[in-house]
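Residue numbers (this note's numbering), protein chains in the order written: chain A, 1 to 247; chain B, 248 to 566.
Here the structure comes first, spelled out in structure tokens, and everything after it is commentary.
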Amino acid sequence: MQGFWAVILRDLKRIWAEPFRLISGLAQPLLYLFLLGSGIGAATQLGGGQYLQYIFPGVVALSLLFTANFAAISIVFDRETGFLKAVLVAPVSRPSVAVGKVCSGAIQALVQGVLLLIFAPMIGIYFGPLQLLLFIIFMILSGLVFSAMGVAVATNFSSTEVFPVVLNAVLLPMFFLSGALYPLRTAPGWLQKLSYADPVAYGVDLMRGSIMGEFYYPEWLSLVVLLFVGFLLIWTAVKVFEKGEEI
Amino acid sequence: MSTIIEVQNLRKKYDDVEALKGIGLSVEEGEIFALLGPNGAGKTTLFSILATLRKPTSGKAVVLGKDVLKYREEIRQQIGIVFQEPALDERLLARDNLMLMALFYGISRKEAKKRANEVLDLLDINDFADRASRKLSGGQKRKLELARAIIAEPKLLFLDEATLGLDVDARRNFWDEVKKLSEKGSTIFLTTHYMEEAEVADRIALIDEGNIIAVDTPRSLKEQVGGGLIRLDTEDNESVLHWLKQQDLEAENSNEGLFIVSNDPSGLLPTILSHIEQKVTRAEIRQPSLEDVFLKLTGRSLKNGENEEIESVKNEWVK
Numbered sequence: 001m002q003g004f005w006a007v008i009l010r011d012l013k014r015i016w017a018e019p020f021r022l023i024s025g026l027a028q029p030l031l032y033l034f035l036l037g038s039g040i041g042a043a044t045q046l047g048g049g050q051y052l053q054y055i056f057p058g059v060v061a062l063s064l065l066f067t068a069n070f071a072a073i074s075i076v077f078d079r080e081t082g083f084l085k086a087v088l089v090a091p092v093s094r095p096s097v098a099v100g101k102v103c104s105g106a107i108q109a110l111v112q113g114v115l116l117l118i119f120a121p122m123i124g125i126y127f128g129p130l131q132l133l134l135f136i137i138f139m140i141l142s143g144l145v146f147s148a149m150g151v152a153v154a155t156n157f158s159s160t161e162v163f164p165v166v167l168n169a170v171l172l173p174m175f176f177l178s179g180a181l182y183p184l185r186t187a188p189g190w191l192q193k194l195s196y197a198d199p200v201a202y203g204v205d206l207m208r209g210s211i212m213g214e215f216y217y218p219e220w221l222s223l224v225v226l227l228f229v230g231f232l233l234i235w236t237a238v239k240v241f242e243k244g245e246e247i
Numbered sequence: 248m249s250t251i252i253e254v255q256n257l258r259k260k261y262d263d264v265e266a267l268k269g270i271g272l273s274v275e276e277g278e279i280f281a282l283l284g285p286n287g288a289g290k291t292t293l294f295s296i297l298a299t300l301r302k303p304t305s306g307k308a309v310v311l312g313k314d315v316l317k318y319r320e321e322i323r324q325q326i327g328i329v330f331q332e333p334a335l336d337e338r339l340l341a342r343d344n345l346m347l348m349a350l351f352y353g354i355s356r357k358e359a360k361k362r363a364n365e366v367l368d369l370l371d372i373n374d375f376a377d378r379a380s381r382k383l384s385g386g387q388k389r390k391l392e393l394a395r396a397i398i399a400e401p402k403l404l405f406l407d408e409a410t411l412g413l414d415v416d417a418r419r420n421f422w423d424e425v426k427k428l429s430e431k432g433s434t435i436f437l438t439t440h441y442m443e444e445a446e447v448a449d450r451i452a453l454i455d456e457g458n459i460i461a462v463d464t465p466r467s468l469k470e471q472v473g474g475g476l477i478r479l480d481t482e483d484n485e486s487v488l489h490w491l492k493q494q495d496l497e498a499e500n501s502n503e504g505l506f507i508v509s510n511d512p513s514g515l516l517p518t519i520l521s522h523i524e525q526k527v528t529r530a531e532i533r534q535p536s537l538e539d540v541f542l543k544l545t546g547r548s549l550k551n552g553e554n555e556e557i558e559s560v561k562n563e564w565v566k
């Protein structure tokens, strides 16, 4: 159990050593929100202001998705530098390391997401206490799933050059497919069907629903899918770590 | 005294290459035990199996009384390792690297802090304890890794080519610290391809192409080669040489002085000195080196193919 905390503690210390990363991590979502959002919003029937409110949960999901997944690059980096060996030969169980990494990625994503919440009032979103609580719970759930995805993928890579390329190739389609920037309801049928296979879509829908009060997928379905995918990915990550015993 | 490492008929195959071909050895408590051999001989493979990082193909390896296949966690709890390549978290402070490893070993935060201070004192590295690890010199990093390896007070310390890439001073300094630890009672298992480094060991196993070809104290190993050289400088080397030849001794005059080959140089030198009348400016016995031992046993030098082998070991790790 202590090994689990040590894994998280170390990652947080590293972030603390470079707080600039948190600030620069805000750039991408804010660009989507204010530049892309204002531009596209003006051309929609909703108009600029309302469109920004509409995509806000999607942009939070974007931030969670990228931060959580890229946090897992530390695993690849540790393998490259040899530090992972030192960890794996310490008496820490493989599941502790894997789950610790998942949680630490989720925490990093959550910090980034909460920083984005500060911008909500600027675009006219005012959370009630219950809304905020629900929104944060859904953020945590999505963050865990996205982070588990990163860890499950990262455990298969040993190059810090290849990993980001692969991540970008996977994450962007997931993001575009999720309905973060447009309503799935009015999307073409094939796109709607495809979105069922995208866990990000359920996260976006839960977060958006907690603000707008209206969900695209049934809430129970979103919760079940996210929990199922989350457990599956964590289980995969643990298995890969255990198999990687022989370095 | 108890046996700390016991290896019997250990084999390890990678695909179609047999890295260890049925090895046996034992290491006793409190010993410094060196595994000496050229790169690619199987040192890192044997070390990795003993340190629970790889699984043997067959045979038996017992570390601290426990089978390496069945009791990985228990063994890990009681060993410390310094790897061939640096394995620090470069972004953390030196001290935090120590703390972190202590936490991984299940030591409480308070106790970890205390332990960190103790090892910093012990290895005398307080001066860079609060610097970022990436800013340390190669020698400092190695010392920090040594400190990290002993933070959980391991019963057994593994050093795998631990001084690779260090300059001579840093290397000597590192081994001084290792000797200190040994005097405090730690058992140390080290691998190296530098024969000077193996000299710090109480016993050395010579390994070549996956086989252990000799295990003994450095002195006995060298005695196996037998004999040695006497180097002598006098005020008149020519007349001394003449006299030596008269005694049927195998001698030669060079610009570095007289060289006398003998089976028993330590016994012969006093005899020579008591017989010659010339003033002696220098008298030295040159023992055969471990290099000579290796050469005699394998017909090959320890040093050949150094660089390509380092690459192959690196590749092994990456895999």
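Ideal Cβ positions, reconstructed from N, Cα and C, are used throughout, including at glycine.
Query raised in the report: According to the Cβ coordinates, are Ala237 (chain A) and Ala152 (chain A) closer than 8 Å?
Result: yes
Query raised in the report: Are Ala106 (chain A) and Leu133 (chain A) closer than 8 Å when you measure CB to CB?
Result: no
Report task. Output, in sequence order along the chain, the residues in the segment 342-375 of chain B whose CB is closer than 7 Å to any CB in chain C. Result -> Of the chains in the structure shown, none is chain C; the protein chains are A and B.
Query raised in the report: Going by alpha carbons, who is nearest to Asp78 (chain A) out of B:Glu337, B:Lys526 and B:Ser467?
Result: B:Glu337
Requested in this report: Taking Ala298 (chain B) as the reference, give the member of B:Thr518, B:Gly277 and B:Glu321 with the closest Cα.
Outcome: B:Glu321
**Report entry** Extent of the continuous alpha helix (DSSP H) run through Val7 (chain A)
**Finding:** Gln2 to Ala17
Report task. Would you kindly work out how many angstroms separate the C-alpha atoms of Ala214 (chain A) and Gln50 (chain A), rounded to a whole number? Result -> The amino acid occupying residue 214 (chain A) in the given sequence is Glu; Ala does not appear at that position. Those two C-alpha atoms are separated by around 15 Å.
Query raised in the report: Within 7 Å: the Cβ of Asp416 (chain B) and any heavy atom of the ligand SAH?
Result: With respect to the ligand SAH, the structure shown offers nothing to examine, as it has no ligands at all.
Query raised in the report: Which residues, in order along the segment 91-107 of chain A, keep a beta-carbon less than 9 Å from a beta-carbon of chain B?
Result: Correct list: Pro91, Val92 and Ser93.
Query raised in the report: By the criterion of Cβ-Cβ separation under 8 Å, what are the contact partners of Pro333 (chain B) in chain A?
Result: Thr81 and Gly82
Query raised in the report: When the Cα atoms are used, what is the spatial distance from Val329 (chain B) to Ala68 (chain A)?
Result: 32 Å
Query - Counterpart residues of Leu515 (chain B) in DSSP-defined beta bridges - result: Leu515 (chain B) is not bridged to any residue.
Query raised in the report: Do Leu453 (chain B) and Ile460 (chain B) come within 8 Å of each other at the CB atom, strictly closer than that value?
Result: yes
Query raised in the report: For a contact meaning CB atoms closer than 7 Å, what does Ile328 (chain B) contact in chain A?
Result: Residues of chain A with a Cβ closer than 7 Å to the Cβ of Ile328 (chain B) are, in chain order, Val89.
Requested in this report: Give the single residue among A:Gln192, A:Gly179 and A:Ala187 whose Cα lies nearest to the Cα of Gly203 (chain A).
Outcome: A:Gly179
Query raised in the report: Measuring CA to CA, which of B:Asp414, B:Val447 and B:Leu404 is closest to Leu311 (chain B)?
Result: B:Leu404
Report task. Could you round the C-beta distance between Ile532 (chain B) and Gly473 (chain B) to whole angstroms and report it? I think they count as a contact, below 8 Å. Result -> With 8 Å as the limit, Ile532 (chain B) and Gly473 (chain B) do not qualify as a contact, their Cβ atoms being about 14 Å apart.
Query raised in the report: Going along the chain, which residues of the segment 4-24 of chain A sit with their C-beta nearer than 8 Å to a C-beta in chain B?
Result: Trp5, Ala6, Leu9, Arg10, Lys13, Arg14, Ala17 and Glu18
Requested in this report: Kindly indicate which three-state DSSP category Leu496 (chain B) falls into: helix, strand or coil?
Outcome: coil
Query - Contact with chain A by Thr299 (chain B), beta-carbon distance below 8 Å - result: yes
Query raised in the report: How big is the Cα-Cα spacing for Pro164 (chain A) and Arg419 (chain B)?
Result: 42 Å
**Report entry** Contact the segment 266-273 of chain B vs the segment 433-441 of chain B: 3+ CB pairs below 8 Å
**Finding:** With a cut-off of 8 Å, the segment 433-441 of chain B and the segment 266-273 of chain B do not count as touching, because too few Cβ pairs lie within range.
Requested in this report: Find the nearest neighbour of Asp262 (chain B) within the set B:Ala281, B:Pro303, B:Thr250 and B:Val274, judged by alpha-carbon distance.
Outcome: B:Pro303
Report task. For Pro57 (chain A), collect the residues of the same chain with a Cβ closer than 7 Å to its Cβ; drop the 5 residues on either side in sequence, then sort them by chain order. Result -> Val204, Met207, Arg208 and Ile211
Query raised in the report: For Lys243 (chain A), which residues in chain B fall below 8 Å Cβ to Cβ?
Result: Near Lys243 (chain A) there are no residues of chain B at all, since even the closest Cβ is about 12 Å away, more than 8 Å.
Query raised in the report: Any C-beta of chain A sitting closer than 8 Å to the C-beta of Arg323 (chain B)?
Result: yes
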